[in-house]
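Residue numbers (the numbering used here): 1232 to 1640.
Heads up, the beta-carbon is just placed ideally off N, CA and C, and yes, glycines get one too.
Note that the structure is a prediction, hence the values are computed from the model and not measured.
Everything on this sheet refers to the single structure shown next.
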């Protein structure tokens, strides 16, 4: 039932987003924008912008979690700032995506086509609203014969759409935990994408500003700042991925002793992440909970014995190992708190510790948690052994959603 409620919430979010996007696009025809502030795009401009967007579709910026950020939005935003109608801007976005798929020899995804069309349509309307509300325009100095100009209201509106609107839409249409923590997730998504969003918004404004002067040279002018941003963020993502891979490698060390099942740490970490999100932990706490889940058996390599170790000894030994490594002090505190989860405070360390213990016990008690009998028996034991009803309830909701997605049989 909880999974059905979450699905209904996502459907409601999608409907609201679509309705708002359509309304914003229609505003382009409804508002009376000073035509002197707008340069309408001709066929040559449309082809140029579609080609530029296609290049950026082929060169996305990828975060450490593998998500591709829509750098082509910079070109689409520039077309909107230059006065392109919602139909024209949507056509540019869709054409660019389809061309990039053909070049990369992969079939275009219908959902991606719809998203590109909706994004272009909405940005055109947002730019028109910004131009109507803030008609001030920056122009080059006439004494130098500069023809460049930019409507500041439209630029601010498109910038806010990229920085705030895009993360908000992505968050609302992908929430698995309902609307309880929607605002927190939106804020975290905005903070996570702030640097890239700023680069995209600034590049869109730059492209709209210089296009009347540079014409065909607008493409390299827009590509250079995004290429610089891509290089820096790729390096950052590479470091983060290497860090996460090191954590995963460390989680497999206890498996070599024979008392831990293969991939136990991976399974516990995946489950702990979903439980932490369900309980509304912030992004930093979720990340530390996942790391602690990966490493919760690490103390076995310090105890150097194959016999099952008491929880208190295992937790203390694991914390000692991590404190020797450094840079993982909070994760070490979470491991240490597992020694007495019943007695410890339910704070930023105690709650993640209870989540990890609950997920670990579930993996031990129910090798196949999708099987109803195993799941029910494991939950009953968790209520008695973990003692935190909220954590057990969150774990149950996560399991129910998993069953809904992957029905038994």
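Span of the beta strand (DSSP E) around residue i
i: residue 1381; result: 1380–1382
Residue i classed as buried or exposed, judged by whether at least 16 other C-beta atoms fall within 10 angstroms
i: residue 1578; result: exposed
i: residue 1608; result: exposed
i: residue 1260; result: exposed
i: residue 1355; result: buried
i: residue 1414; result: exposed
i: residue 1493; result: exposed
i: residue 1571; result: exposed
i: residue 1427; result: buried
i: residue 1430; result: buried
i: residue 1254; result: exposed
i: residue 1528; result: buried
i: residue 1508; result: buried
i: residue 1340; result: exposed
i: residue 1303; result: buried
i: residue 1555; result: exposed
i: residue 1463; result: exposed
i: residue 1449; result: buried
Sheet register partners of residue i (DSSP bridge)
i: residue 1292; result: 1300
Residue interval of the alpha helix (DSSP H) (run including residue i)
i: residue 1676; result: This structure gives no information on residue 1676, because the portion of the chain shown stretches from 1232 to 1640.
i: residue 1501; result: 1495–1509
i: residue 1406; result: Here residue 1406 belongs to no alpha helix (DSSP H), and DSSP marks it neither H nor E.
i: residue 1456; result: 1449–1482
i: residue 1487; result: Neither: residue 1487 is in no alpha helix (DSSP H) and is coded neither H nor E.
i: residue 1344; result: 1341–1364
i: residue 1319; result: 1317–1335
i: residue 1392; result: Where residue 1392 is concerned, there is no enclosing alpha helix (DSSP H), given that its DSSP letter is neither H nor E.
i: residue 1587; result: 1581–1596
i: residue 1411; result: No alpha helix (DSSP H) contains residue 1411, which DSSP labels as neither H nor E.
i: residue 1428; result: 1425–1445
i: residue 1562; result: 1560–1568
7 Å CB neighbourhood of residue i in its chain, flanking five on each side removed
i: residue 1387; result: 1361, 1365
i: residue 1337; result: none
i: residue 1316; result: 1259, 1355
i: residue 1335; result: 1289
i: residue 1439; result: 1309, 1312, 1313, 1381
i: residue 1457; result: 1287, 1302, 1305, 1430, 1434
i: residue 1291; result: 1299, 1300, 1302
i: residue 1326; result: 1281
Residues near residue i in its chain [Cβ-Cβ closer than 6 Å; skip 5 each side]
i: residue 1501; result: none
i: residue 1289; result: 1331
i: residue 1262; result: 1359, 1363
i: residue 1412; result: 1511
i: residue 1420; result: 1398, 1402
i: residue 1499; result: 1524, 1590, 1591, 1594
i: residue 1561; result: 1519
i: residue 1233; result: Confidence is the limiting factor: at residue 1233 the pLDDT is only 46, short of 50, which leaves the residue's position unreliable and the question unanswerable from this model.
i: residue 1584; result: 1565, 1568, 1569, 1572
i: residue 1559; result: 1553
i: residue 1625; result: 1506, 1509, 1510
Contacting residues, own chain, Cβ-Cβ under 8 Å from residue i (five flanking each side not counted)
i: residue 1389; result: 1308, 1311, 1312, 1354, 1357, 1358, 1361, 1432, 1435, 1436
i: residue 1621; result: 1510
i: residue 1623; result: 1589, 1610, 1613, 1614, 1617
i: residue 1447; result: 1279
i: residue 1504; result: 1517, 1520, 1521, 1524
With a threshold of 8 Å, are at least 3 pairs of Cβ atoms found where one atom belongs to the stretch 1391–1410 and the other to the stretch 1273–1291?
no
Within 8 Å, do at least three Cβ pairs link the stretch 1316–1331 to the stretch 1343–1354?
yes
Count Cβ pairs between the stretch 1473–1480 and the stretch 1306–1314 that sit closer than 8 Å; are there 3 or more?
no
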